[in-house]
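FYI, the numbering for the sequence shown is 1221 to 1307, going by my numbering.
One structure is given below, encoded as structure tokens.
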Amino acid sequence: GWMRTLLLGDIGNRLDIEDTERDIERLRRESRSQARTDAAQDDRIAVLEARMEGLELVVGGLSRMLVARGVLRAAEVGRVVAAVETD
């Protein structure tokens, strides 16, 4: 840094500038990489949320059907739902 400038003058300044430019470019690359990682994770979360919503609809439909056919009592389904929701 300053020692190089003191000893080398303008050449030292130019070397410092080049070092800083390299650091800035490295930070830009890291930032872009992190943004890509974040976007990929956001996409995966959206897919998982959509799947979860679909599964909730299926389980709800099956539960209503089983209760309607007398295979399960509504209270039994309610207990299972309550147990799952508390966890």
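Every residue, glycine too, gets a C-beta built ideally from N, C-alpha and C.
Local conformation of Arg1289 per DSSP, three classes: Taking the first residue of the sequence shown as position 1, residue 1289 is located at position 69. In the structure shown, Arg1289 sits in coil (DSSP, three-state: anything other than H, G, I, E or B).
Whether Ala1294 touches Val1287 by CB criterion (7 Å): In the sequence shown, residue 1294 corresponds to position 74, counting from 1. In the sequence shown, residue 1287 corresponds to position 67, counting from 1. Cβ distance < 7 Å, so Ala1294 and Val1287 count as in contact.
Closer than 6 Å: Asp1262 CB and nearest the ligand GDP heavy atom: The model on display carries no ligand, and the ligand GDP is accordingly not part of it.
CA nearest to the CA of Val1301, picked from Glu1276, Asp1263, Arg1234: For the purposes of this step, residue 1301 is identified with residue 81 of the sequence shown, where counting begins at 1. Per the Cα distances, Glu1276.
Simplified DSSP assignment, three categories, for Gly1199: This structure leaves residue 1199 out entirely; the chain is present only between 1221 and 1307.
Rounded distance between the beta-carbons of Ser1283 and Val1297, thought under 8 Å: For the purposes of this step, residue 1297 is identified with residue 77 of the sequence shown, where counting begins at 1. For the purposes of this step, residue 1283 is identified with residue 63 of the sequence shown, where counting begins at 1. Between Val1297 and Ser1283 the beta-carbon gap is near 5 Å, inside 8 Å, which marks them as a contact.
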